[in-house]
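Working notes, structure below.
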Amino acid sequence: MFANSKFRKSIREVLPVKIKWMVSILLVLLVYFSFGTNYAKDFLATIPVSIDRKVEVIESNESDKTPLPEKEVILQHSSDNSEISAGRFTIWKAALKVIRPTLLFGYGETDFYGNSDAKFLKKVDLDTTDVNELKRAHGNMHNGFLQVLVSSGIIAFICIYAFYVLNIFSLLKTFFRSKVNYAFLGIVLIFILSIFIDEMVEAHVLFNKRDVISIVFWYYLGSISYLYLKKEN
Numbered sequence: 001m002f003a004n005s006k007f008r009k010s011i012r013e014v015l016p017v018k019i020k021w022m023v024s025i026l027l028v029l030l031v032y033f034s035f036g037t038n039y040a041k042d043f044l045a046t047i048p049v050s051i052d053r054k055v056e057v058i059e060s061n062e063s064d065k066t067p068l069p070e071k072e073v074i075l076q077h078s079s080d081n082s083e084i085s086a087g088r089f090t091i092w093k094a095a096l097k098v099i100r101p102t103l104l105f106g107y108g109e110t111d112f113y114g115n116s117d118a119k120f121l122k123k124v125d126l127d128t129t130d131v132n133e134l135k136r137a138h139g140n141m142h143n144g145f146l147q148v149l150v151s152s153g154i155i156a157f158i159c160i161y162a163f164y165v166l167n168i169f170s171l172l173k174t175f176f177r178s179k180v181n182y183a184f185l186g187i188v189l190i191f192i193l194s195i196f197i198d199e200m201v202e203a204h205v206l207f208n209k210r211d212v213i214s215i216v217f218w219y220y221l222g223s224i225s226y227l228y229l230k231k232e233n
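If you count by the numbering used here, then the sequence shown holds residues 1 to 233, one letter each, in order.
Shown next as C-alpha cells:
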C-alpha cells in the first residue's frame, strides 16, 4: 500500500492535520492527568462529607451544634478481589458460557434478566458473579463481536463480518484503481479500522439503539460502497 505514490501523497495531505489534533489531545490529557486529577479527587472527596454534615446539622440543630470533624474519603481502585476491566472480563466469560447451548442461532436478545426471568439459562453453569454482571450489563456485552454472536449465533456472525471484510477489501481496491479523493478514503479506512478495534471493548455498530458512532460508521461504509460502484460502472 505504501509503495503506491497516490496513497503516500494522500497520507502526506492528511498527516499534518492528524498530528495537530493528536498533539492537542495529548497536551490536554497531560495537563489533566498532571494537575486535574488531584483537584477532582479533592472536590469529590468533599461531597460525602458535605452531605453528612448537612444532614447532621438538620437533625441536631436544637440539641448539639458542634460541627463534625471532616472525614477523609479515599478515591482509589481497590486491588482486593477486583479486576481492572470494570466487569468486562466477567461479562465476556459469562457470555461465552451462555452461547454454548444455542451457538448456531443465538438468543435474539441479550438482556436476559431485563425482559424475562431467564429460566432458560438455568441449564447454563453460571455462578453468582456471572449472573450479577449479566444483570448489571442490561444486555450490553461491551464487546461488539460477542454481542453479535450471542444475539444472532455463529451463522449470522460469519455473514455479518464477511460483509464487513468484503467492504474493506473494496476500499483497498479503490485506493489502487481509481482517481477519487484519496485523503477522504484514507480517513474512512482509519476510522473503520479504529471502530473494529473499539468493538473489542464496546458495542456500537449493531444492536445498540441511538448510537452516534453507529450512524457515522454506516454512513462511511455506504460512501465506500457508492465510490466503489461508481468506479466499477
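Glycine included, every Cβ here is placed at the ideal spot set by N, Cα and C.
* To do: State whether the stretch 198-207 contacts the stretch 128-148, with contact taken as three or more CB pairs (one from each stretch) at a distance under 8 Å.
  => yes
* To do: Express the C-alpha separation of GLY87 and TYR219 in angstroms, rounding to a whole number.
  => On the sequence shown, position 219 is the one that residue 219 refers to. On the sequence shown, position 87 is the one that residue 87 refers to. When rounded, the distance between both Cα atoms is 32 Å.
* Does the stretch 187-195 touch the stretch 122-129, meaning 3 or more C-beta pairs lie closer than 8 Å? -> no
* To do: Report the option in SER151, TYR164, GLY153 whose CA atom is closest to the CA atom of ILE224.
  => By 1-based counting over the sequence shown, the position of residue 224 is 224. Measuring from the Cα of ILE224, the nearest candidate turns out to be TYR164.
* What's the gap between the Cα of TYR226 and the Cα of PHE217? -> Your numbering for residue 226 matches position 226 in the sequence shown. Your numbering for residue 217 matches position 217 in the sequence shown. Near 14 Å, if we compare the C-alpha coordinates of PHE217 and TYR226.
* Which of the three DSSP states, helix, strand or coil, is assigned to ASP211? -> Translated into positions along the sequence shown, residue 211 becomes position 211. Correct three-state label for ASP211: coil.
* To do: Would you kindly work out how many angstroms separate the C-alpha atoms of ASN208 and LEU171, rounded to a whole number?
  => Stepping through the sequence shown from its first residue, residue 208 is reached at position 208. Stepping through the sequence shown from its first residue, residue 171 is reached at position 171. The alpha-carbon atoms of ASN208 and LEU171 are separated by roughly 25 Å.
* Run of the alpha helix (DSSP H) containing ASP130, from where it starts to where it stops -> Position 130 of the sequence shown, counted from the start, is the residue given in the question as residue 130. Note, ASP130: alpha helix (DSSP H), 128-137.
* Using DSSP with H/G/I as helix, E/B as strand and the rest coil, what is LEU171? -> Taking the first residue of the sequence shown as position 1, residue 171 is located at position 171. LEU171 falls in the helix class under three-state DSSP.
* Asked: With distances taken from CA atoms, which of LYS230, LEU103, GLY139 is nearest ILE91?
  -> Taking the first residue of the sequence shown as position 1, residue 91 is located at position 91. Check the Cα spacing between ILE91 and each of LYS230, LEU103, GLY139: the tightest is with GLY139.
* Would you say ALA95 and VAL150 are within 7 Å of each other, going by their C-beta atoms? -> Here residue 95 refers to the residue found at position 95 when the sequence shown is read from its first residue. Here residue 150 refers to the residue found at position 150 when the sequence shown is read from its first residue. Their beta carbons are under 7 Å apart, which means ALA95 touches VAL150 by this criterion.
* Asked: Which of the three DSSP states, helix, strand or coil, is assigned to GLY186?
  -> For the purposes of this step, residue 186 is identified with residue 186 of the sequence shown, where counting begins at 1. Looking at GLY186 - three-state DSSP - the assignment turns out to be helix.
* For ILE215 and ASP198, the rounded distance between their alpha carbons -> Position 198 of the sequence shown, counted from the start, is the residue given in the question as residue 198. Position 215 of the sequence shown, counted from the start, is the residue given in the question as residue 215. Distance between the alpha carbons of ASP198 and ILE215 is about 15 Å.
* To do: Note the first and the last residue of the continuous alpha helix (DSSP H) segment covering LYS97.
  => One-based indexing of the sequence shown puts residue 97 at position 97. That run of the alpha helix (DSSP H) goes 88-99.
* **PHE106, DSSP secondary structure in three states** => The residue labelled residue 106 in the question sits at position 106 within the sequence shown. In the sequence on display, residue 106 carries Gly and not Phe. It is coil, neither helix nor strand.
* Between the CA atoms of VAL148 and PHE157 - distance to the nearest angstrom -> For the purposes of this step, residue 157 is identified with residue 157 of the sequence shown, where counting begins at 1. For the purposes of this step, residue 148 is identified with residue 148 of the sequence shown, where counting begins at 1. The straight-line gap from Cα to Cα measures roughly 6 Å.
* Asked: Does the Cβ of VAL28 have 16 or more other Cβ atoms within 10 Å, making it buried, or fewer, making it exposed?
  -> Here residue 28 corresponds to residue number 28 of the sequence shown, with the count starting at 1. Burial call: exposed.
* Asked: For LYS119, which option in ILE168, VAL98, LEU193 has the closest C-alpha, if you only look at C-alpha atoms?
  -> As a working note, residue 119 is residue 119 in the sequence shown. For the residues ILE168, VAL98, LEU193, the minimum Cα distance to LYS119 belongs to VAL98.
* What did DSSP end up calling GLY222 once you bin it into helix, strand or coil? -> Taking the first residue of the sequence shown as position 1, residue 222 is located at position 222. Residue state, collapsed to three classes: helix.
* **CB of ILE155 within 7 Å of CB of LEU104, strictly** => Position 155 of the sequence shown, counted from the start, is the residue given in the question as residue 155. Position 104 of the sequence shown, counted from the start, is the residue given in the question as residue 104. Contact: yes.
* Per-residue burial, ILE51 [other beta carbons within 10 Å of its own, 16 or more giving buried] -> Position 51 of the sequence shown, counting from 1, holds the residue named residue 51. Legend: pLDDT at ILE51 = 49, less than 50; position of this residue unreliable, value from coordinates given subsequently. ILE51 is exposed by the Cβ-count criterion.
* Asked: Helix, strand or coil: how does DSSP classify LYS122 here?
  -> Here the question's residue 122 lines up with position 122 in the sequence shown. The answer is coil: DSSP assigns LYS122 none of H, G, I, E or B.
* Cut-off 7 Å between Cβ atoms - residues of its own chain near ALA137, not counting five sequence neighbours on either side -> Position 137 of the sequence shown, counted from the first residue, corresponds to residue 137. Around ALA137: ILE91.
* **Backbone secondary structure at LEU206 - three-state DSSP** => Position 206 of the sequence shown, counted from the first residue, corresponds to residue 206. Residue state, collapsed to three classes: coil.
* Asked: What is the rounded straight-line gap between the Cα of GLU133 and the Cα of LEU221?
  -> Along the sequence shown, read from residue 1 onward, the residue named residue 133 stands at position 133. Along the sequence shown, read from residue 1 onward, the residue named residue 221 stands at position 221. Just so you know, the alpha carbons of GLU133 and LEU221 end up roughly 33 Å apart.
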